[in-house]
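Notes follow the structure.
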Amino acid sequence: MAEKEIHQFFDRYQAATASESADDLNACYDLTEMANDVVAESGVTLPNGQQQQLVAALNVAFAQQIELLEVVWTRHRIMQIDFFENDSVADVYVRSWSDEAGTARERYTVKKLGDDWFITDFSDLSFGISTVAMAAMGLRESVKSSVTAELVFGSKQVMQCAVACSQGDVYLAAEHIDAIMGHPVAETIQGLRWQLSAAVHELIDSHVVIESVDKADAFGASAPLEDYLLGQAYTDLGRYDVALEYFQGYLNRFGHDADAYYSIGHVLEQLDRTDEAIQAYKSALADTPESVINVGALALALPDDRKSEFASYFQALPNFAESFEELGDTFIVEDDDAALETLNQVTIERDPETRHLAYYRANLRRMRGDHVASFDILADLIAKTDSDDDAREWYEPALCESAVSCGRIHQAYAICDDKTQAINELAVLPEKFVEQSIDGTETQPTIDDVKSLLAKYLQDQENSFEATYLVGNWHAEGEEYEVAREYFAKAINLANDDDDRYLAISRCVHCYARLDRAVDSYTELEPKDLVVDALENELPEGPDLETVRAMLRADQPDLFRFLLADLPMLLRNGHYQSGLDRLAVAYEKFVPTDENRWQEDVIDAYRTRFLIGLKRYDDAILSARRAFEGSSDFLRALVYAAKGDRYNFDSAYQRCLTRSATYAHDDFVNADEVPKEWLTDPPVPAADEVASEFSPWNEVRRVVFLLKEPRPFDASIVSKASRSIGEAVFQIERNQMTPDEDDYVFQCNAHAVIAATQNCKYFIHWGSKPYLFDAKLLAEESGTEGEISQRIGDHSAWLAIDIFQWPQDTEQADTVSIPCEASQRLAKYAEVLVGEFATVAIHSDNQTFVSCDRAFFEALASDSPIDAFEPADSLDR
3 MAEKEIHQFF
13 DRYQAATASE
23 SADDLNACYD
33 LTEMANDVVA
43 ESGVTLPNGQ
53 QQQLVAALNV
63 AFAQQIELLE
73 VVWTRHRIMQ
83 IDFFENDSVA
93 DVYVRSWSDE
103 AGTARERYTV
113 KKLGDDWFIT
123 DFSDLSFGIS
133 TVAMAAMGLR
143 ESVKSSVTAE
153 LVFGSKQVMQ
163 CAVACSQGDV
173 YLAAEHIDAI
183 MGHPVAETIQ
193 GLRWQLSAAV
203 HELIDSHVVI
213 ESVDKADAFG
223 ASAPLEDYLL
233 GQAYTDLGRY
243 DVALEYFQGY
253 LNRFGHDADA
263 YYSIGHVLEQ
273 LDRTDEAIQA
283 YKSALADTPE
293 SVINVGALAL
303 ALPDDRKSEF
313 ASYFQALPNF
323 AESFEELGDT
333 FIVEDDDAAL
343 ETLNQVTIER
353 DPETRHLAYY
363 RANLRRMRGD
373 HVASFDILAD
383 LIAKTDSDDD
393 AREWYEPALC
403 ESAVSCGRIH
413 QAYAICDDKT
423 QAINELAVLP
433 EKFVEQSIDG
443 TETQPTIDDV
453 KSLLAKYLQD
463 QENSFEATYL
473 VGNWHAEGEE
483 YEVAREYFAK
493 AINLANDDDD
503 RYLAISRCVH
513 CYARLDRAVD
523 SYTELEPKDL
533 VVDALENELP
543 EGPDLETVRA
553 MLRADQPDLF
563 RFLLADLPML
573 LRNGHYQSGL
583 DRLAVAYEKF
593 VPTDENRWQE
603 DVIDAYRTRF
613 LIGLKRYDDA
623 ILSARRAFEG
633 SSDFLRALVY
643 AAKGDRYNFD
653 SAYQRCLTRS
663 ATYAHDDFVN
673 ADEVPKEWLT
683 DPPVPAADEV
693 ASEFSPWNEV
703 RRVVFLLKEP
713 RPFDASIVSK
723 ASRSIGEAVF
733 QIERNQMTPD
743 EDDYVFQCNA
753 HAVIAATQNC
763 KYFIHWGSKP
773 YLFDAKLLAE
783 ESGTEGEISQ
793 RIGDHSAWLA
803 IDIFQWPQDT
813 EQADTVSIPC
823 EASQRLAKYA
833 EVLVGEFATV
843 AIHSDNQTFV
853 SCDRAFFEAL
863 ASDSPIDAFE
873 PADSLDR
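First residue of the sequence shown: 3, per my numbering; consecutive thereafter.
If you want it as structure tokens, here you go:
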């Protein structure tokens, strides 16, 4: 009875999504019940009056959120209903379809309140966070006075990730979830944190998806679409048999799903099970007949003599004309002429006036080698198309492609409106010409044809930088460097801006170098400094570069490159006025840009020091204050030192050492202005004041150990290992875990244990099959060879240890480095647990594979653990 009522309720809900009044949709929700659930889940206790106000505010907020949904369901299917509390509460998993959003997977919590059912929570299963859970997290955040700053940071990032997910910004969501790497997170949202991590990394990093799903499981919060996410991850990693099992598991749980069937079809094709793949695509279309991508996949999978089987699915698509174009483009990219022929035939039968039909007919002719027919169709089509029609942007390149293959490049050029685009397509070099047509009657253009076309283009585009540069490039690619040099030299004078000018100079210098006339480029081209810059990028160090640099110094001694080389000598020799004079000349010619701001800083620094040498201290102070923030304190300290002002020197000195990333204690030691007896030992900041940023590629966060054979692991074994390395821990249950709890071991599930000690938490996870399920493929992917590759291919089990929480600096925006002792503790755990059984170790974050031996464990336990992953020349380290 209850199940039937829920089905009837969602029929009414679908009708409400199409209603012009938001009141009809709001009537399906009990917003007050939702607000009360938020307060209850947050764990926040408020006085009754404040709670009523909060409930009212949440009620308004939810109503506004529902109004913004604006998705009209065209149909829906209830996939699963889980009842609770004597069948008065249920989680309902729903697939919905809409013209705006395609297909969506959502979970609704519904309650029977009185005689009717109402929605009291909902979530998009792609990310797994519910509206109530997100609001409860925000409520806890707003009353965080009793929560530590570390936990506040983690909670805030999780909530911001959830918000980004709800807005469809996956990459911003990933930034937020990755920001809490190593940070403590409240145990109540650890599962959610890893669910979100798995979901947002689906398109980014398959290894992270698998690791995140493992951790979500360990924290008792399996991702709703876990099987689907793992199927996608293992597909990306080429483990197609494994992926197939996960996709099938997803279907077994949720029923028919077009996306899953599409993924299954792709996997089956990779396994050369084409007939099964075809059936999977058909199943996808039975579930979602409006899916253009599945029609395309089916068409491509079908053998040529069965292409007609996709015709009925194509005709059933809701937007026939748009679907025709999308499928046509797909078949062109995939070079499937049989599919394109069927598509064209069906379209002609249904509507011979379909827009762009002639374009796809022409492409079919081209794909089958009939370039003359393709050209004629496109030429006629373009003649009937207005010049301002966007379609010409793809008609014209297609015409040019056919023109090159049938020797009609001049005709194509005359037809095209965009002459530059046309010349780029038509002026190909001989080695880039396509093969002859199927009947051998078509004639490809000759070099003379192309050159005469280029001459015509230059005539049409007289005094055009773009045209002259393009023609120069054509000759350079054809190794006609003398001709190309002349065009590039002309392009230099036609350049519209500095970027174009330097581009032409660089290509011109390239031609001079190929003609063995590098030094001549300096004497014949302008401006000289840019010519030398280009030569330095073109030539190896040698006599030619030395010659042109000497010529440039003789011609333009006041260029900044020479000034920079001379200033240290002038300062060292006490030629202060000469130094100021040189700086004045340089500064007159200096034009500050974002790229050369560093040069301005150098000028200010030397000006200040020359003024100090001349004892013009007031001017020197003004110069120092004008310098960039990173240099100002250093320069002010030098002025005070030269004046003998110890008090102000000490202040500026200390300020510089604590604030500047440019200058350090040694710079003061090397400065002649500073009496050495004034220098104290450099201050050593406290450990909690300075910490470097975490670098996953250069630190040891997670190590996977490949084992010869499966080994038993559990919390008791990990506890024993902890005690053997000097860590006093005790076993606890899940409900005893807290963020600040330490010195414990917890059995998460049959394959994972968490060990907490010394403010760090370790996730120890294992499997009794090859790592990532395919030892031979893993060996191929590793890039190793010889015995280590053999070891990888022969392993049959694995154990991974990672540090997922370590001490952080709440004043620092980025995750800080893993403490050396934390990585060393990982090494000790590993050696005790798998030392004699591990054959290969994998650094998960940079995918480095090394052999496991005594030297490896010694390096892993050293002050530089990353050294353990320096590949050895052999297995004997």
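Every residue gets a Cβ at the ideal spot worked out from N, C-alpha and C, and that includes glycine.
Measure from the alpha carbon of residue i to the alpha carbon of each residue in the options, then state which is nearest.
i      : options                        : result
Arg352 : Gln317, Thr34, His78           : Gln317
Leu227 : Lys763, Ala220, Asp259, Trp600 : Asp259
Gln423 : His412, Pro291, Cys402, Ser407 : Cys402
Gln749 : Ile131, Ser721, Val187         : Ser721
Gly184 : Ala829, Asp606, Ile820, Thr841 : Ile820
Phe86  : Trp99, Glu108, Val112          : Val112
Arg410 : Met369, Asp388, Leu455, Asn426 : Leu455
Ala802 : Leu774, Cys513, Leu582         : Leu774
Leu304 : Glu271, Asp289, Asn321, Val485 : Glu271
Counting C-beta neighbours from all protein chains within 10 Å, is the total for residue i 16 or more, i.e. buried, or is it exposed?
i      : result
Arg584 : buried
Met36  : buried
Thr525 : exposed
Met3   : exposed
Thr47  : exposed
Thr786 : buried
Lys6   : exposed
Ile206 : exposed
Asp668 : exposed
Tyr655 : buried
Taking just the CA atoms, how far does residue j sit from residue i?
i      : j      : result
Arg97  : Arg195 : 25 Å
Asp797 : Val731 : Here the sequence assigns His to residue 797, which means Asp is not the residue at that position. Cα to Cα, the separation comes out at about 31 Å.
Thr92  : Thr34  : The sequence shown places Ala at residue 92, not Thr. The alpha-carbon atoms of Ala92 and Thr34 are separated by roughly 18 Å.
Met161 : Ala106 : 22 Å
Leu572 : Ile179 : 54 Å
Gln446 : Val521 : 40 Å
Arg79  : Asn254 : 15 Å
Asp339 : Leu319 : 21 Å
Phe435 : Ala457 : Below a pLDDT of 50, predicted positions are generally treated as unreliable, and Phe435, at 49, falls in that range; the measurement from the model is reported next regardless. Spanning the two alpha carbons is a distance of roughly 20 Å.
Ala626 : Thr682 : 23 Å
Thr19  : Val73  : 7 Å
Ala688 : Asp811 : In this prediction, Ala688 has a pLDDT of 46, which is less than 50 and means its spatial position is unreliable; nothing more can be read from the coordinates.
Ser148 : Phe707 : Low confidence applies to Ser148: its pLDDT is 48, below 50, so where it sits in the model is not reliable enough to give any reading.
Phe490 : Leu428 : 20 Å
Val210 : Ala643 : 55 Å
Tyr649 : Asp531 : 46 Å
Is residue i close to the ligand NAD? I mean its beta-carbon at under 8 Å from any heavy atom of the ligand.
i      : result
Asp372 : Absence of the ligand NAD is noted for the structure shown, with no ligands found whatsoever.
Using DSSP with H/G/I as helix, E/B as strand and the rest coil, what is residue i?
i      : result
Val818 : strand
Gly170 : coil
Asn575 : coil
Phe435 : Bear in mind that a pLDDT of 49 at Phe435, under 50, signals an unreliable position, so the model cannot answer this.
Leu835 : helix
Asp419 : coil
Asn751 : strand
Ser853 : strand
Phe775 : helix
His845 : strand
Phe322 : helix
Tyr110 : strand
Phe86  : strand
Ile440 : Because the pLDDT at Ile440 is just 46, under 50, the model does not fix this residue reliably, and the point stays unresolved.
His477 : helix
Pro665 : In the sequence as presented, Pro is not what sits at residue 665; that position holds Tyr. Three-state DSSP puts Tyr665 in coil, outside helix and strand.
Glu805 : Note on identity: in this sequence residue 805 is Ile, with Glu being the wrong assignment. Correct three-state label for Ile805: strand.
Asp811 : coil
Gly371 : coil
Thr332 : helix
Can you check DSSP and say which residues form a bridge with residue i?
i      : result
Tyr746 : Phe732, Ala758
Ala799 : Leu709
Can you check whether the C-beta of residue i is within less than 9 Å of a C-beta belonging to chain D?
i      : result
Asn539 : No chain D appears in the structure shown, which is made up of a single protein chain.
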